[in-house]
Every structure is written in structure tokens, then in C-alpha cells.
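*Asks:* Take this structure first; my questions come after.
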Amino acid sequence: MGVTLAVAGKGGVGKTSITSLIIKNLIDTGQRPLLAIDADSNSNLHEVLGIHEPKSVGCIREDARKLGEDVPGGMTKDRFMDYQIQANLEETKDLDFLSMGRPEGPGCYCMANNILRDVISKLTTNYKFVVIDNEAGMEHLSRRTEEEVDHLFIISDPSPRSLRTIGRIFQLVDEMEGRIHNQHIVLSRVQGSLDDLPLSTRKEIEALPVPPLALIPYDDQLVAMDLEGKPLVEISSDSVAYIAVKKMLKEIGVPN
Ligand SMILES: Nc1ncnc2c1ncn2[C@@H]1O[C@H](COP(=O)(O)OP(=O)(O)OP(=O)(O)O)[C@@H](O)[C@H]1O
Ligand SMILES: [Mg+2]
Numbered sequence: 347m348g349v350t351l352a353v354a355g356k357g358g359v360g361k362t363s364i365t366s367l368i369i370k371n372l373i374d375t376g377q378r379p380l381l382a383i384d385a386d387s388n389s390n391l392h393e394v395l396g397i398h399e400p401k402s403v404g405c406i407r408e409d410a411r412k413l414g415e416d417v418p419g420g421m422t423k424d425r426f427m428d429y430q431i432q433a434n435l436e437e438t439k440d441l442d443f444l445s446m447g448r449p450e451g452p453g454c455y456c457m458a459n460n461i462l463r464d465v466i467s468k469l470t471t472n473y474k475f476v477v478i479d480n481e482a483g484m485e486h487l488s489r490r491t492e493e494e495v496d497h498l499f500i501i502s503d504p505s506p507r508s509l510r511t512i513g514r515i516f517q518l519v520d521e522m523e524g525r526i527h528n529q530h531i532v533l534s535r536v537q538g539s540l541d542d543l544p545l546s547t548r549k550e551i552e553a554l555p556v557p558p559l560a561l562i563p564y565d566d567q568l569v570a571m572d573l574e575g576k577p578l579v580e581i582s583s584d585s586v587a588y589i590a591v592k593k594m595l596k597e598i599g600v601p602n
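Those letters in the sequence shown? Residues 347 to 602, by our numbering.
Right, dumping it as C-alpha cells:
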């Protein structure tokens, strides 16, 4: 059974960037087999990974629906979907990639949460690590009622408004009855040290349910790569954000 890592947090706090740096570290340290899942219907994880976007599970499901009872080879619909999902994984030398769904494509729909959950639980058994980039908020995760997550990174930037959402996310995690085995707070885009933050912000940080596991510094190199549209997995190993993500993974026991 693979180790499942996932991110959560308010919109625009750095979830996709941190996901790509986690993936870079798992690749660099030879953690194989590795599966990356884009579970954000508006996301672009494939772009930060520099890979082609495969046919999404949402599209596969829609194709299966259109077939009606006419499933090829006498397969059950579930078997057919599993087969199609497996066949449509984007495979690179470093990882396999799965996109859950995109609402805007012709004939493609957002994934129903129960299908996402089933796909994830079936696939995770084949991988050493599974990394999931989620959409903003948390409700989607709480609806996926049986999926297990070993480490959930709750990302926030150091602004009081973003920090206050962490408490709500912790509450939701509590209501999820132990399916999230470990939850960690990660502060992203931190300029300077925590002591440089305004007093009111430092007070918000002190009031967090647990102290932050990691501080990911503001990284000019990451911003420049984003502006140039370069895949973040290609960031150099001396990137300050990458170094912090590497330390964070070590903290939770990922060998590196
Ligand atoms: N460590 C960092 N230093 C500087 N800028 C960063 C850092 N991490 C992320 N950013 C910038 O913040 C912006 C949002 O990042 P990202 O897309 O990763 O957030 P997100 O939480 O995935 O957003 P969404 O909720 O829209 O999916 C991007 O422009 C990115 O370049
Ligand atoms: Mg994102």
C-alpha cells in the first residue's frame, strides 16, 4: 500500500507549486513507482510537471456512460472504466500521471467524488507514493468518504485571512473520522523569518492548532520560472522553496 500525500488550502496559496516540489523531491530521491493525481478540475499540474495532459477520468467516465449497455468484450462497466483509466495514464520515465477531470472540454465533466475516491483507492496499491493536488477548500475532500490520506499538508500564506482558514480545515479533518492520518500546517511564501511578520500575524500563527511543520520561503526563482512558463519540477536544487520542501518531507520520514 502506497503512501498518499495531499495538499489542501485556500485558493492561490501555493498548493500546486508545493505539490510539484514534493514530486521533484520524490523523483530526485528515486521513490518509485510514483503516481501524481491532478484532482483540481481547474488546475494545471501537468504544466508544472512539464508533461502532456492525458484524457481525464471525467472524460473516460462520460465515454463509458455514452456506451450504455454496449461495453466491449463483455466487460462490466466498472472493469471497462478501470481498464480505460489504466490505459490512459500518462506515463513518463519518472512517474505516472492521472487527471481527474476538467469541466470545460467538450463532453467532459467534473468527476463525481465517489468515482475519484474509488479510482484513488484502487490505484494507490500499485505505487510507493501517490501525490494529490487538490482544488481550493476542503469540502471536496470530505465528500470523498473512504479515501485515506497519510499526510495532508494544509497550506497557508502568512496573511491573517489565509491563516484563519486553517482552523476551519482542521475542524473538517476532525469530522472525517480518521481518514486523514496526519495533518500538517505549512506556511508558504514567507518573506524573511517569522519574526519579520507583523505582530498581529505572529499572534495568529501562535494560535494555530499545531505549530507549522514547515515554512516555505518566498522564492524568486520559482516566480521567474512561473512567469516564463517553465515546469517547476525543473527548478534547480538550490531553490529556497525546494530546499524547504525537501526538509519538510524528511521531517515526516520520507527518506532523502
Ligand atoms: N514559494 C513561493 N514563492 C513565491 N511565489 C510562490 C511560491 N509558491 C507559489 N507562488 C506563487 O503563488 C501563485 C499561486 O501558486 P499556486 O498556483 O501553486 O497556488 P494554488 O494554491 O495551487 O492555487 P489554486 O487554488 O488556484 O489552485 C503562483 O503565481 C506562484 O508562482
Ligand atoms: Mg492549484
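Note that beta-carbon positions come from the ideal geometry of N, C-alpha and C, so glycine has one too.
If Val579 and Gly396 are in contact, beta carbons under 8 Å, what's the gap, nearest whole angstrom?
*Replies:* As a first step, residue 579 must be located in the sequence shown, where it is residue number 233. As a first step, residue 396 must be located in the sequence shown, where it is residue number 50. Val579 to Gly396, Cβ: 6 Å. Contact.
*Asks:* Tell whether a beta-carbon distance below 8 Å holds between Ser534 and Ile364.
*Replies:* Your numbering for residue 534 matches position 188 in the sequence shown. Your numbering for residue 364 matches position 18 in the sequence shown. Yes, these two residues count as a Cβ contact at 8 Å.
*Asks:* Looking at the unbroken beta strand (DSSP E) that takes in Asn480, where does it start and where does it end?
*Replies:* As a first step, residue 480 is located in the sequence shown; it is residue number 134 there, counting from the start. Run containing Asn480: 475–480, per the beta strand (DSSP E) assignment.
*Asks:* Keeping to the same chain, check which residues put their C-beta closer than 8 Å to that of Glu597; ignore five residues upstream and five downstream.
*Replies:* If you number the sequence shown from 1, residue 597 lands on position 251. Excluding positions up to five away in sequence, the list reads Leu559, Ala560.
*Asks:* Do Gly355 and Ser502 count as a contact pair if the criterion is CB distance below 8 Å?
*Replies:* For this step, residue 502 is matched to residue 156 along the sequence shown. For this step, residue 355 is matched to residue 9 along the sequence shown. Yes. Within cutoff.
*Asks:* For the alpha helix (DSSP H) holding Gly404, just list the boundary residues, first then last.
*Replies:* As a position in the sequence shown, residue 404 is number 58, starting the count at 1. 403–413 is the extent of the alpha helix (DSSP H) around Gly404.
*Asks:* To the nearest angstrom, report how far apart Gly419 and Glu494 are at their CA atoms.
*Replies:* Locating residue 419 in the sequence shown gives position 73, where the first residue counts as 1. Locating residue 494 in the sequence shown gives position 148, where the first residue counts as 1. Each residue's Cα considered, the two are about 33 Å apart.
*Asks:* Say the cut is 7 Å; is the CB of Lys576 nearer than that to a heavy atom of ligand 1?
*Replies:* What you label residue 576 is simply residue 230 of the sequence shown in a count that begins at 1. No, the Cβ of Lys576 stays beyond 7 Å of every heavy atom of ligand 1.
*Asks:* Cα separation between Lys361 and Met594?
*Replies:* In the sequence shown, residue 361 corresponds to position 15, counting from 1. In the sequence shown, residue 594 corresponds to position 248, counting from 1. Rounded to whole angstroms, Lys361 to Met594 spans 14 Å at the Cα level.
*Asks:* May I ask which residues mark the beginning and end of the beta strand (DSSP E) holding His530?
*Replies:* Counting from one through the sequence shown, the residue named residue 530 turns up at place 184. 526–536 is the extent of the beta strand (DSSP E) around His530.
*Asks:* Where the beta carbon is closer than 5 Å to any heavy atom of ligand 2, which residues qualify, in chain order?
*Replies:* In chain order, the qualifying residues are Lys361, Thr362, Ser389.
*Asks:* For Ala570 and Ala352, what's the separation of their Cα atoms in angstroms?
*Replies:* As a working mapping, residue 570 is identified with position 224 in the sequence shown. As a working mapping, residue 352 is identified with position 6 in the sequence shown. Each residue's alpha carbon lies about 25 Å from the other.
*Asks:* Within this structure, are the beta carbons of Val519 and Ile526 separated by less than 8 Å?
*Replies:* Numbered from its first residue, the sequence shown carries residue 519 at position 173. Numbered from its first residue, the sequence shown carries residue 526 at position 180. Yes, these two residues count as a Cβ contact at 8 Å.
*Asks:* From Tyr564 to Ser539, what does the alpha carbon distance come to, in whole angstroms?
*Replies:* As a first step, residue 564 must be located in the sequence shown, where it is residue number 218. As a first step, residue 539 must be located in the sequence shown, where it is residue number 193. Straight-line Cα distance between these residues: approximately 10 Å.
*Asks:* Does the beta carbon of Asp572 fall short of 7 Å from some heavy atom of ligand 1?
*Replies:* Stepping through the sequence shown from its first residue, residue 572 is reached at position 226. Asp572: yes, Cβ under 7 Å from ligand 1.
*Asks:* Can you tell me the Cα-Cα spacing of Met446 and Asp424, whole angstroms?
*Replies:* For this step, residue 446 is matched to residue 100 along the sequence shown. For this step, residue 424 is matched to residue 78 along the sequence shown. When rounded, the distance between both Cα atoms is 16 Å.
*Asks:* So what's Asp520 in DSSP terms, helix, strand or just coil?
*Replies:* Position 174 of the sequence shown, counted from the start, is the residue given in the question as residue 520. Residue state, collapsed to three classes: helix.
*Asks:* Over the uninterrupted beta strand (DSSP E) stretch that includes Ser502, give me the two end residues.
*Replies:* What you label residue 502 is simply residue 156 of the sequence shown in a count that begins at 1. 495–502 is the extent of the beta strand (DSSP E) around Ser502.
*Asks:* Measure the CB-CB distance between Val477 and Val403 and report whether it falls below 8 Å.
*Replies:* For the purposes of this step, residue 477 is taken as residue 131 along the sequence shown, with counting starting at 1. For the purposes of this step, residue 403 is taken as residue 57 along the sequence shown, with counting starting at 1. No, the pair does not count as a contact, with Cβ atoms beyond the cut-off.
*Asks:* Which one of Asp479, Asp584, Asp572 has the shortest CA to CA distance from Ser389?
*Replies:* Taking the first residue of the sequence shown as position 1, residue 389 is located at position 43. Ranking the options by Cα distance to Ser389, first place goes to Asp479.
*Asks:* From Ala587 to Gly414, what does the alpha carbon distance come to, in whole angstroms?
*Replies:* Mapped onto the sequence shown, residue 587 falls at position 241. Mapped onto the sequence shown, residue 414 falls at position 68. C-alpha separation (whole angstroms): 48 Å.
*Asks:* Could you say which of Ile383, Leu545, Ser583, Val417 lies nearest to Arg463 if we only look at CA atoms?
*Replies:* On the sequence shown, residue 463 is found 117 positions in, with the first residue counted as 1. Looking at the Cα atoms, Ile383 is the closest of the given residues.
*Asks:* What's the call for Gly357, buried or exposed, on a 16-neighbour Cβ count within 10 Å?
*Replies:* As a working mapping, residue 357 is identified with position 11 in the sequence shown. Gly357 should be labelled exposed.
*Asks:* So, for Glu550: in the same chain, excluding its five sequence neighbours on each side, which residues have a beta-carbon less than 8 Å away from its beta-carbon?
*Replies:* In the sequence shown, residue 550 corresponds to position 204, counting from 1. Pro506, Leu509, Arg510, listed in sequence order.
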